[in-house]
DNA sequence: TGAGACATGTAACAGGTTACATGATTTC
DNA sequence: GAAATCATGTAACCTGTTACATGTCTCA
């Protein structure tokens, strides 16, 4: 499911322009997939050349003409075959954890700054997902609702995880700060 | 924190060969960062050319000579400056969710197959992380322990999330299976 | 005798992004 | 009158992977 096949998938529900596809990537799919104009337009052209889609020109006055792309039977087959192909999950990458791995080379103020930045980032992501629910350009089907639900739970747990980490970092950098209900006996040595 | 800066970071704790760096990428960092030989060796050479690291050749008999790289003062500064640079989180990508978005074009058997594949993938990831704890080539510092803890909680929640999704998909595909609050009228085909 | 660890390296390819280029229309 | 929206497109670049190439030693 590279960009080409994702575009074909989006065309399954009807003809669309590159511009509209970009909006879908930025909204509905934004949480787990994305594409820039610099990849969308060349991909559409390439798909047309190999007969996966056909293009209909819609003449407009004042504005650039719209190029409306629709799936050919070959394109439909191509998409379904890609969709059915084995699931290959690309490795998880996390910029923040990479920095955390090297936190010992920073001072406490810097460390806590990065943790706050990350929590802010995750919170914004949560907010944007929550907004999506309100907007909802096209009615999502049952599975797209599940995508959304998965995303909501995912970012919620990510935020929880990050806050837990924040406390660990704070406790490390200033052990005297939060002496309240800490049960030394119940604390396990991680490792 | 691209590969170059991550490599410099790993050299902070002492000189290493490209081969050893690869092992670290595959084990300690494997959960959130990675690199292939095809990027490690050219990067080391490039870093040497611009004076970020220096190379010491260790002659071996029988085996290829080891090229042991160590940080120069310039390399140390370069790494610290990269580490302190603003946190830029690259967008979350998820191949499975992309497929889920298009699940309506599959039949129930195919859908449940993909969900099972994903759960298996996440479980394996969990197992590999748990093993890491046992192995632990180098003693991790406090923040590296936190990385590890974050990872453990992350995959655990991911697994929980995936199982919840699995139930939703099953309930959708066979509403009669788990009758709890569902008011669906039609009887399902048996078999 | 075959697999896997040790050890380095290159070339071709993949799969994108960013910045640039163009230009009218609508909205604040 | 500035900014955002509509609408398409190209070229240069980035950052990395995969596959190939080479060769010895060790262990089962």
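Protein chains in written order, with the working numbering: chain W, 719 to 909; chain A, 719 to 909.
Quick reminder that beta carbons are idealized off the backbone N, C-alpha and C, glycines included.
Every value quoted in this text rests on a predicted model; they were computed, and no experiment measured them.
Are residue i and residue j close, meaning C-beta to C-beta below 8 angstroms?
i	j	result
residue 830 (chain W)	residue 891 (chain W)	yes
residue 750 (chain W)	residue 810 (chain A)	yes
residue 758 (chain A)	residue 736 (chain A)	yes
residue 792 (chain A)	residue 773 (chain A)	no
residue 789 (chain W)	residue 730 (chain W)	yes
residue 851 (chain W)	residue 866 (chain W)	yes
residue 884 (chain A)	residue 819 (chain W)	no
residue 916 (chain W)	residue 816 (chain A)	Here chain W has residues from 719 to 909 only, and residue 916 (chain W) is not among them.
If we count the other Cβ atoms within 10 Å of its Cβ and call it buried at 16 or more, is residue i buried or exposed?
i	result
residue 756 (chain W)	exposed
residue 876 (chain W)	buried
residue 843 (chain W)	buried
residue 826 (chain A)	exposed
residue 719 (chain W)	buried
residue 728 (chain A)	buried
residue 732 (chain A)	exposed
residue 860 (chain W)	exposed
residue 880 (chain W)	buried
residue 770 (chain A)	buried
residue 780 (chain W)	exposed
residue 882 (chain A)	exposed
residue 833 (chain W)	buried
residue 894 (chain W)	exposed
residue 667 (chain A)	Any answer about residue 667 (chain A) is impossible in this case: the structure gives chain A only from 719 up to 909.
residue 734 (chain W)	buried
In three-state terms, what does DSSP make of residue i?
i	result
residue 876 (chain W)	helix
residue 774 (chain W)	strand
Which whole-angstrom value is the C-beta distance of residue i and residue j, which I expect to be below 8 angstroms?
i	j	result
residue 847 (chain W)	residue 887 (chain W)	So it is not a contact: roughly 26 angstroms between Cβ atoms.
residue 824 (chain W)	residue 801 (chain A)	7 angstroms
residue 787 (chain A)	residue 747 (chain A)	Contact flag wrong, Cβ pair sits at about 17 angstroms.
residue 775 (chain W)	residue 835 (chain A)	Actually they do not touch by this definition, with Cβ atoms about 42 angstroms apart.
residue 807 (chain A)	residue 839 (chain W)	5 angstroms
Ignoring anything shorter than 3 residues or poking outside the stretch 777-856 of chain A, list the beta strand (DSSP E) runs there in chain order. As far as the stretch 777-856 of chain A is concerned, its whole beta strand (DSSP E) runs of at least 3 residues are 784-789.
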